[in-house]
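Single-structure report; data block below.
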Amino acid sequence: MKIKFLALVFCSTVFFGQNIQNNPTSNHGNKFEQLGTILPTPNVYRTGSGAPGQGYWQNRADYDITAYLDEDKRILRGSETITYYNNSPDDLEYLWLQLDENEQSSVKNAGYDSESFLPKRATSDDLKVSDLPAKNNGFGVNLEKVTDASGKALPYIVNKTMMRIDLPKVLKKGEKITFKIDWNYNIPNRIEMGGRGGYEFFPEDGNDLYTITQWYPRMCVYSDFRGWQHNQFTGRGEFALAFGDFKVSMNVPADHIVAATGSGKNFEEVLTSAQLARWKQAQNANEPIEIVTLEEAKKAEKSKSKQRKTWKFEAENVRDFAWTSSRKFVWDGMKVTIPENRNEVMAMSLYPKEAYNLYRKFSTKAVAHTIKTYSEFTIPYPYPVAQSIEAANGMEYPMICFNFGRTEKDGTYSEGIKNGMIGVIIHEVGHNFFPMIINSDERQWSWMDEGLNTFVEYLTEERWDNNFPSRRGPAHTIVDYMKLPKDQLEPIMTNSENIVQFGPNAYSKPATGLNILRETIVGRELFDKAFKTYSKRWAFKHPEPADFFRSMNDASAENLDWFWRGWFYGIDPVDIAIEKVTVAKPDFTTLPPNREFIYTIDPPLQNDFVDISKIRNKEDKNITFYTDTDKETQDFYWRYNRGQEKVDSKKEYRIKADNLQTVPEKERAAVEDIYAYQIDFANKGGLVMPLILEFTFEDGSKLNDKSSAQIWRKNENKVSKTYYFKKKLKSVQLDPMRETADIDTSNNFWGEIPEPTSKFQVFKQKQEGSARGAANGKVNPMQAAGKKK
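In structure tokens, the structure reads:
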């Protein structure tokens with residue numbers, strides 16, 4: 001792959017916080033008002049409790065597809081029969097389908113342009129004459145035939161990434177229609193062109209690895225809340241899809257291994273006798289069994305058969321279908337039993353030799369851990385298969401996902417790559433629940449997909465390893481985003497295409513908000529019940545934001561409209577200050593300047609702050625951590641992190657910690673003989689939160705107190721609270737465990753503040769890695785120690 005130096009700038013429309021105040025000229029009556037004026041009115045389809053109503057309906061689409069992968073020409077040809085069921089009360093005159101591959105076309109894409117600027121530097125390959133009008137680059141869907149079940153042509157029109165079929169007669173409630181589409185498209189190089197599906201070429205052995213995704217014309221969702229969801233596909237806002245059953249046959253080169261959504265139906269025809277025997281063995285194994293071995297994969301890389309085989313898969317009640325094909329694959333699997341429903345699942349992984357030392361050890365076990373943990377927090381995993389495919393990127397589909405994670409050529413890997421791989425596997429496998437089962441509209445609301453999933457990903461990472469360096473979930477990790485200028489922010493409740501800071505907005509902020517609710521506002525027991533209630537209510541259905549907000553309120557008996565209003569509909573940050581104490585005022589000093597540190601080769605990755613979740617998880621005797629029980633996952637870095645592996649610590653490097661934040665020292669407040677303390681708080685950021693206080697007394701004892709967010713309900717800007725103690729107070733600390741995402745902790749203290757410890761120091765460090773998930777030239781501790789396992 002050629003290195004591109006041209007800087008591309010992507011910008012989008014900025015949306016500010018919605019003005020949803022009821023009493024904007026006053027200091028109260030705004031933040032604690034109900035959302036009833038802005039949420040949709042409950043009806044027979046969706047109730048005020050957040051549950052589906054008695055009249056709830058959704059349409060269905062079943063698919064019977066045959067596909068032909070032409071590896072020489074890198075073309076995919078397909079033919080599908082769709083049976084569409086109209087369960088709505090409406091008459092349908094036409095149907096809308098998605099043609100996602102048109103995103104790769106220079107002439108048929110959505111046309112959502114981004115501004116661009118003169119580059120600071122560029123290679124000659126980047127300098128191409130602008131074609132006006134644009135010339136067809138040859139990518140996108142080529143429709144060959146669209147007919148009814150009898151073969152009669154149906155009229156249709158393509159609008160960019162959408163296709164409308166005009167029906168010969170109205171499709172009424174309770175009726176179904178069957179029609180057929182034949183199509184083909186040139187498979188793009190997804191490493192060079194981007195996107196979710198395509199091929200990756202391995203020049204070392206001359207083979208391709210195909211991820212076939214968004215590859216067939218797919219029915220749009222027709223719903224009670226918006227009619228047809230046919231927003232154009234730009235590559236960001238993902239998908240809204242109907243549930244149905246799939247029967248799919250894929251004709252590929254005979255030495256390819258295929259994995260797909262659903263269960264394989266003809267393994268006895270496409271596997272060797274030895275592979276089939278290992279497949280049967282894996283179905284009862286508690287450790288991953290290599291169904292296709294490393295040696296078999298290496299041998300296949302050299303064979304490049306010209307013969308063909310057809311693989312057949314079936315899947316029931318899924319919203320999509322994806323598959324992968326390559327002769328490079330090693331394939332392993334084992335059985336997992338879901339305790340909640342006793343469902344027996346095949347957890348599997350497929351990966352090229354370039355990822356062997358990572359994927360063979362961790363991938364399938366991470367898949368198993370994910371579906372079991374998500375089942376505990378949401379609903380029991382219902383499908384027969386869950387699998388992770390190493391394909392240099394991350395993307396999710398029912399029962400199959402694609403993730404990065406490759407080693408150096410000598411088989412070693414960095415701790416960052418290992419943890420990044422495990423994190424992305426958990427995230428993408430977790431998408432089976434959000435949105436593959438709890439089927440929200442990703443095209444409109446990315447946070448209902450990415451945000452909810454990132455939250456449960458965080459819970460699952462915590463259960464994998466109590467030392468796992470999670471970066472999305474703990475409240476303190478969202479602070480840098482929350483303190484950005486407001487012209488760089490938009491509410492979570494913003495359409496996917498219009499978000500500037502997409503990662504923090506759609507992933508981190510929703511996940512962090514839910515963790516704050518769980519740990520600080522609602523409590524684990526009430527929150528977990530409410531979250532499971534929402535998941536159960538909307539499994540295999542199409543929820544909207546109001547359904548989530550209402551379900552969480554309903555099942556917890558907590559009126560959380562103030563939180564949804566502030567955290568999801570607004571852009572104000574949390575910045576609560578101890579503004580005044582009756583006996584003394586705080587004297588805030590400035591933060592110390594940035595420093596240059598001496599470091600050795602990649603020290604063990606430690607959590608920069610031991611957040612409240614880790615502490616409670618470790619104290620909970622009912623929680624066991626996966627890596628503590630499975631010795632096979634205790635690799636070099638697991639031991640290194642715990643001081644059981646040593647590397648050369650004599651060689652020194654220097655690094656400037658630009659983002660280091662330390663807790664500032666405060667002047668000791670003289671509070672002699674004062675036993676009544678009025679503390680005045682100021683809401684400087686705008687977003688209300690509970691007041692969490694830690695009092696330290698001169699005799700060394702401590703007391704803690706928490707006032708709910710409702711303390712701000714009569715004055716949203718300033719509140720005071722008086723405490724009476726029989727001993728002298730030495731200091732007050734606001735939000736001691738950094739639970740509220742307060743963006744300025746320098747105004748959270750009064751009195752004597754101790755020197756900061758390492759757990760309060762916040763470091764940020766870029767992790768450099770190639771596009772395929774390996775580090776770029778930096779010596780890792782495994783290499784320094786001469787270890788490969």
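Its first residue numbered 1, the sequence shown is counted upward by one per residue in full-length UniProt numbering.
Note that the Cβ used here is the ideal one computed from N, Cα and C, for glycine as well.
The structure presented is a predicted model; accordingly, all values stated were derived computationally and were not measured.
>> Between which two residues does the beta strand (DSSP E) holding residue 168 run?
In response: First-last of the beta strand (DSSP E) with residue 168: 162-171.
> Do the region 23-38 and the region 56-69 meet, that is, are 3 or more Cβ pairs less than 8 angstroms apart?
Replying inline: no
> Do the CB positions of residue 245 and residue 62 come within less than 8 angstroms of each other?
Replying inline: Note that the C-beta distance between residue 245 and residue 62 is below 8 angstroms.
> When the distance is taken between beta carbons, is residue 461 closer than 8 angstroms to residue 791?
Replying inline: Absent from the structure is residue 791, since the part of the chain shown begins at 1 and ends at 789.
> Residues in its own chain within less than 7 angstroms of residue 271 by CB, not counting five upstream and five downstream?
Replying inline: 279
>> Let me check understanding here. Comparing Cα to Cα, which of 543, 261, 94, 237 lies closest to residue 166?
In response: 94
> Considering only the beta carbon of each residue, do residue 379 and residue 551 sit closer than 8 angstroms?
Replying inline: Going by C-beta atoms, residue 379 is not nearer than 8 angstroms to residue 551.
> Around the Cβ of residue 308, are there at least 16 other Cβ atoms within 10 angstroms (buried) or fewer (exposed)?
Replying inline: exposed
>> Using the three-state DSSP reduction, which class does residue 349 fall into: helix, strand or coil?
In response: strand
>> Considering just the uninterrupted stretch of the alpha helix (DSSP H) at residue 628, what are its terminal residues?
In response: 626-629
> Got a sec, what are the start and stop residues for the beta strand (DSSP E) residue 462 sits in?
Replying inline: That residue, residue 462, is in no beta strand (DSSP E); its alpha helix (DSSP H) goes 452-464.
> Between residue 158 and residue 120, what straight-line distance do the alpha-carbon atoms span, to the nearest angstrom?
Replying inline: 39 angstroms
>> How far does the beta strand (DSSP E) with residue 702 in it extend, from its first residue to its last?
In response: Note, residue 702: beta strand (DSSP E), 702-707.
>> Helix, strand or coil for residue 184? Go by DSSP, reduced to three states.
In response: strand
>> Taking 8 angstroms as the cut-off, does the region 357-376 touch the region 297-305 (at least 3 CB pairs, one atom from each stretch)?
In response: no
> What whole-angstrom Cβ distance do residue 186 and residue 138 have, given they're in contact under 8 angstroms?
Replying inline: 5 angstroms
> Can you tell me whether DSSP reads residue 757 as helix, strand or coil?
Replying inline: Residue placement at residue 757 is flagged as unreliable, the pLDDT there being 30, under the threshold of 50; the coordinate-derived value follows with that caveat. Looking at residue 757 - three-state DSSP - the assignment turns out to be coil, as it is neither helix nor strand.
> Tell me which same chain residues have a C-beta within less than 8 angstroms of the C-beta of residue 190, skipping the five on either side of it?
Replying inline: 196, 197, 198, 199, 200, 211, 393
>> Looking at residue 345: is its Cβ nearer than 8 angstroms to the Cβ of residue 397?
In response: For the pair residue 345 and residue 397, the CB atoms are not nearer than the 8 angstroms cut-off.
>> Going residue by residue through the region 460-517, where are the continuous alpha helix (DSSP H) segments of at least 4 residues, counting only ones entirely within it?
In response: 479-482, 509-516
> Taking Cβ to Cβ, would you say residue 811 is nearer than 8 angstroms to residue 685?
Replying inline: Any property of residue 811 remains undetermined from this structure, which presents the chain solely from 1 to 789.
> Which word fits residue 101, buried or exposed, when buried means at least 16 other C-beta atoms lie within 10 angstroms of its C-beta?
Replying inline: buried
> How is the alpha helix (DSSP H) around residue 545 delimited, first residue to last?
Replying inline: 545-556
>> To the nearest angstrom, how far is the alpha carbon of residue 602 from that of residue 470?
In response: Between the alpha carbons of residue 602 and residue 470 lies a distance of about 18 angstroms.
> What does a CB cutoff of less than 8 angstroms around residue 286 pick up in its chain, not counting 5 residues either side in sequence?
Replying inline: 334, 335
>> Suppose contacts are defined by Cβ-Cβ distances below 8 angstroms. Is residue 629 in contact with residue 365 by that definition?
In response: Residue 365 sits away from residue 629, with the two beta carbons spaced by 8 angstroms or more.
>> Report the start-end ranges of each beta strand (DSSP E) in the region 97-161 that is 3 residues or longer and not cut off at the edges.
In response: 142-148, 156-159
> Exposed or buried, which one is residue 618 when buried takes at least 16 other CB atoms within 10 Å?
Replying inline: exposed
>> Starting from residue 528, trace the beta strand (DSSP E) in both directions and tell me its first and last residue.
In response: Segment 524-538 is the alpha helix (DSSP H) holding residue 528; no beta strand (DSSP E) there.
> CA-CA distance, residue 249 and residue 261?
Replying inline: 12 angstroms
> Should residue 615 be labelled buried (16 or more other beta-carbon atoms within 10 Å of its own) or exposed?
Replying inline: exposed
>> On the DSSP letters alone, give me the boundaries of the beta strand (DSSP E) that residue 331 sits inside.
In response: 330-338
>> At the level of alpha carbons, what is the spacing between residue 404 and residue 331?
In response: Roughly 16 angstroms separates the two Cα atoms.
> Near residue 645, what residues of its chain come up, given a Cβ to Cβ distance below 7 angstroms and the 5 sequence neighbours on each side ignored?
Replying inline: 636, 639, 785
> Using the beta-carbon count (16 or more within 10 Å), is residue 767 buried or exposed?
Replying inline: Any reading at residue 767 must be qualified, since the residue scores a pLDDT of 34, below 50, and its modelled position is unreliable; the value itself is stated next. So residue 767 counts as exposed.
> What do you get for residue 698, buried or exposed, if any count of 16 or more other CB atoms within 10 angstroms of its CB means buried?
Replying inline: exposed
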